[in-house]
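Residue numbers (the working numbering), protein chains in the order written: chain A, 390 to 475; chain B, 27 to 119; chain C, 596 to 758.
A short worksheet on the structure shown next.
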Amino acid sequence: MLEDTMINIVHIVVPILIVVVSIYAIYLKDLIAAAIAVSAMSLLLSLEFYILQAPDVAIAEVGLGAFLTTAILIIAIRATKKEEEA
Amino acid sequence: MSRRNLVAAIFFAIVAIFLVFGALMMHPFGEFDEEHYPEMDQYIIDNTQNETGADNGVTGVVFDYRGFDTLGEATVLFTAVAGVILLFRRLKK
Amino acid sequence: MSGMSRIVKTITNVAFPFVMIYGLYIIARGHLIPGGGFQGGVVVASSLAMVLVAYGSIWIVGKVKEKNLSVLESLGAICFIGLGFIGVILILFYSSFEGSFLKNFLIGQDTIPIFNEIGKGISNINTAGIIPLMNFSVGMIVIAGLFVILLVMAYATRIKEGK
């Protein structure tokens, strides 16, 4: 019973956190900080997949979304300017 | 409001209506639904471990029952990598 | 792009073996636990990308050429298709063998007894016929493909980052 209540609370909290982190990713001016926010969003999304009992998708999401996309973004940011033009 | 914004607003409203109705018609998570229960699911759940020998049913389905799907996925990845290497190749001066 | 600071390099040196071994574990036990070739390959490619971002592409290109990675990727694809075609080719030698493309020829048949011995039992690392081999080939494709994408992109942008 307690376990069900906990899982229901996590089901509500994690999507709200995903939305909050996504809004951070849009509004941050420093591009590396925005890339880290996108990475955190993917990490939370993979946590949600894991709670929904899809561990395969969770592993793929962590690897692709939270790591490789961030690596590509950091490579692109280091090759260009660091700040967004207002 | 310009015409472009009007079109965008109408399109947004249509998509929002479809999304809301889709979310309302979704059956609850984790509950057994008698009428939307395909027979193929039951066959796969019953027979995957015996027919493929794989303990993990998802891998058994992905690599045995749907091997062509995995082959196409590998082909897509291969083609994408070939395109990226072609795009970023070192030009000889 | 050149390397990052000494802190990043030290953390990478500590974390790289663990991430890589975990990815290879996911590939090797893909038919027993959640995971498989694609997921494990993505994790291994993540560990390699960590080294790439920390040490810089010029140092990596000195160690690994992208031609070798292309060979690895093509080898994975050839292994996958070859495993698919063995199920067809075995019909030519054993007329009673029920073969087809991507047939799991190591289990569930009585024509070739020695193959049946290999893929027997459940919850065993040596089970599931050709599924572990296909996992390995898909893992090779994914590791080499994703890492070579990152490597080529990083090496192409090294001049802009500069000096």
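In this text, a Cβ means the ideal position worked out from N, Cα and C, and glycines have one as well.
Here the structure is a predicted model, which means the values were calculated and not measured.
(request) Select from the segment 67-97 of chain B all residues with a C-beta closer than 8 angstroms to any C-beta belonging to chain C, and list them in chain order. (result) Gln75, Glu77, Thr78, Gly79, Ala80, Asp81, Asn82, Val84, Thr85, Gly86, Val88, Phe89, Asp90, Gly93, Phe94, Thr96 and Leu97
(request) Report buried or exposed for lysine 543/C, applying the criterion of at least 16 other Cβ atoms within 10 angstroms of its Cβ. (result) Only positions 596 to 758 of chain C appear in the structure, and residue 543/C is not among them; the question remains open.
(message) What does the Cβ neighbour count give for threonine 605/C, buried or exposed, with the cut at 16 atoms within 10 Å?
(response) exposed
(request) Using the Cα positions of isoleucine 702/C and methionine 51/B, report the straight-line distance between them to the nearest angstrom. (result) 43 angstroms
(request) Kindly indicate which residue of Tyr650/C, Phe692/C, Gly677/C and Asn730/C has the alpha-carbon position closest to the one of alanine 749/C. (result) Tyr650/C
(request) Between the Cα of arginine 116/B and those of Val733/C, Lys662/C and Phe696/C, spot the shortest distance and give me the residue it belongs to. (result) Lys662/C
(request) Determine, using beta carbons only, whether threonine 78/B and isoleucine 681/C come nearer to each other than 8 angstroms. (result) no
(request) Mind checking the segment 603-619 of chain C against chain A and listing, in chain order, the residues whose C-beta falls within less than 7 angstroms of any C-beta there? (result) none
(message) Is the beta carbon of glycine 454/A closer than 8 angstroms to that of glutamine 564/C?
(response) Only positions 596 to 758 of chain C appear in this structure, which leaves residue 564/C out of reach.
(request) Check whether the Cβ atoms of isoleucine 407/A and leucine 441/A lie closer than 8 angstroms to each other. (result) no
(request) Please report how far the alpha carbon of isoleucine 653/C lies from the alpha carbon of glycine 625/C, in whole angstroms. (result) 34 angstroms
(request) Take isoleucine 425/A and list the residues in its own chain whose beta-carbon comes closer than 8 angstroms to its own, dropping the five residues that flank it on each side. (result) Thr459
(request) Check each candidate in Phe742/C, Ser690/C, Pro629/C and Gly734/C and name the one with the smallest Cα separation from alanine 447/A. (result) Pro629/C
(request) Could you spell out where the alpha helix (DSSP H) holding asparagine 82/B opens and where it closes? (result) That residue, asparagine 82/B, is in no alpha helix (DSSP H); it is neither H nor E in DSSP.
(message) Under DSSP, the alpha helix (DSSP H) around leucine 685/C begins and ends at which residues?
(response) 661-688
(request) Taking only beta-carbon positions, decide if valine 743/C is within less than 8 angstroms of chain B. (result) yes
(request) Name, going along the chain, the residues of the segment 413-439 of chain A whose beta-carbon falls closer than 7 angstroms to a beta-carbon of chain C. (result) none
(request) For my contact list, valine 88/B and threonine 74/B are in at a C-beta cut-off of 8 angstroms; report their separation, rounded to the angstrom. (result) That belief does not hold up - the Cβ atoms of valine 88/B and threonine 74/B are roughly 11 angstroms apart, past 8 angstroms.
(request) Could you list the residues in the segment 104-117 of chain B with a C-beta less than 9 angstroms from some C-beta on chain C, going in chain order? (result) Phe104, Ala106, Val107, Ala108, Val110, Ile111, Leu113, Phe114, Arg115 and Arg116
(message) Going by beta-carbon coordinates alone, are isoleucine 736/C and glutamate 668/C separated by less than 8 angstroms?
(response) yes
(message) Does any residue of chain C have a CB that is nearer than 8 angstroms to the CB of valine 462/A?
(response) Note that residue 462/A corresponds to leucine in the displayed sequence, not to valine. So no, leucine 462/A is outside the interface.
(message) Assuming contact is defined by CB atoms lying nearer than 8 angstroms, are leucine 803/C and leucine 457/A in contact in what I supplied?
(response) Examination of residue 803/C is not possible in this model, given that chain C is present from 596 through 758 alone.
(request) Would you grab the beta carbon distance between serine 641/C and valine 666/C for me? Rounded to a whole angstrom, and I think it's under 8 angstroms. (result) Their Cβ separation, rounded to whole angstroms, is 22 angstroms, which puts serine 641/C and valine 666/C out of contact at 8 angstroms.
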